[in-house]
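**Q**
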Amino acid sequence: MAPCRRSVDLYDRPVARVFSGIQPSGDMHLGNYLGALRQFAFDQYDHDAVFCIVDLHALTVPQDPGELRRRTLEAARIHMAAGLDPSVCTLFVQSHVHEHAELSWLMECTASVGELRRMTQFKEKADKASDQEFVAAALFTYPALMAADILLYEADRVPVGADQRQHLELARDLALRFNHRFGDTFVVPTAAVPRVGARIMDLQRPTEKMSKSVISPQGTVGLLEDAASIVRKIRRAVTDTEVEVRYDPQAKPGVSNLLTILGATTGEDPERLARRYHQYGELKADCAEAVVALLEPIQARYAELAADPAGTAAVLAEGVGKARAVAAPVLDRARAAVGLLPR
Ligand code: AQP
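When we follow numbering that gives the first Met the number 0, the leftmost residue of the sequence shown carries the number 0, and every step to the right adds one.
#1: Measure from the alpha carbon of glutamate 288 to the alpha carbon of each residue in Leu257, Thr189, Thr311 and Ala305, then state which is nearest.
#2: At 3 residues or longer, and completely inside the stretch 154-201: list those beta strand (DSSP E) runs for me, N to C.
#3: Return yes when at least one heavy atom of ligand 1 lies under 7 Å from the C-beta of histidine 78, else no.
#4: So serine 86 is in the alpha helix (DSSP H); what residue range does that whole segment cover?
#5: Short check: CB of leucine 150 to CB of phenylalanine 185, under 8 Å?
#6: Taking C-beta to C-beta, are aspartate 54 and alanine 48 nearer than 8 Å?
#7: Do leucine 36 and histidine 78 come within 8 Å of each other at the CB atom, strictly closer than that value?
#8: Could you check if threonine 206 is buried or exposed, using at least 16 other CB atoms within 10 Å of its CB as the buried criterion?
#9: Does the beta-carbon of histidine 277, which I'm using as the reference point, lie nearer than 7 Å to any heavy atom of ligand 1?
#10: Could you check if tyrosine 141 is buried or exposed, using at least 16 other CB atoms within 10 Å of its CB as the buried criterion?
#11: Report yes if the CB atom of valine 325 is closer than 8 Å to the CB atom of proline 158, and no otherwise.
#12: How about glycine 262: is its Cβ closer than 7 Å to a heavy atom in ligand 1?
#13: Here's the rule: buried if 16 or more other CB atoms are within 10 angstroms of the residue's CB, otherwise exposed. What is tyrosine 44?
#14: Using DSSP with H/G/I as helix, E/B as strand and the rest coil, what is glycine 221?
#15: Across which residues does DSSP place serine 19 in a beta bridge pair?
#16: Measure the alpha-carbon distance for valine 244 versus methionine 200 and round it to whole angstroms.
#17: Does any heavy atom of ligand 1 sit closer than 7 Å to the C-beta of methionine 209?
#18: By DSSP, does valine 134 sit in helix, in strand, or in coil?
#19: Given 7 Å as the limit, tell me if alanine 48 has its C-beta closer than that to any heavy atom belonging to ligand 1.
#20: Indicate the three-state DSSP secondary structure (helix, strand or coil) for lysine 211 in the structure shown.
#21: At a cut of 8 Å, does the stretch 154-168 reach the stretch 231-245 through at least three beta carbon pairs?
#22: Go through the stretch 243-322 residue by residue and report every complete run of the alpha helix (DSSP H) that reaches 4 residues or more, in order.
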């Protein structure tokens, strides 16, 4: 079946729209960059591009308020340091645009409990949170908020890493269901997942993905980490007891992860790269060098942006205005469609 779309807006718009968000739930890492952030900078020049620091999502697990404030600003600067140009795209903080929380409620009324229960990220995070005996209800409804984030901007394309693919599928299903029940209201989005780098694994536990909120200091490469520390971590990355360099994520997850990182960083195919190496040491050295070279300019630009806090505040303030100009009419349309009185 052809996807159901609101054709009017698509024809009125000169270019397709791209939307994505990253939570300030911890220090941003290499996986966030290779899986998502790097695509944002490419997309901004040939799309109408909207990017969001999704601070409300970060609240689904306990956060220290001061740290959340610091990380929200840090995340905004990292987006710009990674190449986002606020004069070309829209960059804003999710909680500054109340339409997200409002449409989230309509999405909760559109999603079923069964669908939300099937989300693997909920199952994994709820398992971890239950060790601390508190699982927020919002962890369960998180995908409804994510659907609202995307649908508010009538996004055609959503660049994300592989772990978000299931949430994206749900956002599509909710858009289609809502359109079917209430008439064409939302654009149905499509995930854009990179061919290489969509799932960067933890360097110490290569069967688990690198993650912001999981405490694995030796397994995670921070985007703002210094070069010596990055080199040390990659040199100590867990591999296996064989000697053959081969790309085989099932049998050789550690080595394959290093090949993926090197491939995603240099634009080469991990399987082809593997043929060039005969020792793990050489692979690790080249991988470390490539990652340091990749992050160096981002870190230099970050330092400049951090020296100008007023500049970041101004970008985010402008972003709210631009975001609301798109989001408010879409929310009004959805409200009217379900029968809520105009205010
Ligand atoms: N390891 C990864 N490899 C490739 N891409 C990744 N992403 C996350 N981890 C990897 C992508 O980065 C974007 C950020 O998504 P998010 O902030 O909404 O959180 P997440 O997907 O849940 O990622 P994290 O970093 O693991 O955060 P926590 O620990 O807070 O859950 C997404 O596009 C994601 O796919």
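For every residue, glycine included, the Cβ atom is placed at its ideal position computed from N, Cα and C.
**A** In brief:
#1: Selected option, being the one with the closest Cα: Leu257.
#2: Counting only runs of 3 or more, we get 156-158 and 189-191.
#3: The answer is no for histidine 78.
#4: It is not in any alpha helix (DSSP H) - serine 86 carries neither H nor E in the DSSP assignment.
#5: Yes, these two residues count as a Cβ contact at 8 Å.
#6: With a cutoff of 8 Å on beta-carbon distance, aspartate 54 and alanine 48 are scored as not near each other.
#7: In contact: histidine 78 and leucine 36 (Cβ atoms closer than 8 Å).
#8: Classification for threonine 206: exposed.
#9: No heavy atom of ligand 1 is found nearer than 7 Å to the CB of histidine 277.
#10: Buried is the call here.
#11: Here valine 325 is not near proline 158, since their CB atoms are 8 Å or more apart.
#12: Within 7 Å of the C-beta of glycine 262 there is not a single heavy atom belonging to ligand 1.
#13: Tyrosine 44 is exposed by the Cβ-count criterion.
#14: Note: glycine 221 maps to strand in three-state DSSP.
#15: Per DSSP, Phe50.
#16: Computed Cα separation, rounded: 17 Å.
#17: Result yes, Cβ under 7 Å from ligand 1.
#18: Three-state result, valine 134: coil.
#19: It does not: the Cβ of alanine 48 is nowhere closer than 7 Å to a heavy atom of ligand 1.
#20: Of the three classes helix, strand and coil, the one that applies to lysine 211 here is coil, per DSSP.
#21: Counting Cβ pairs under 8 Å, fewer than three are found: no touch.
#22: For the stretch 243-322, whole alpha helix (DSSP H) runs of length 4 or above, ordered along the chain, are 252-265, 269-273 and 279-305.
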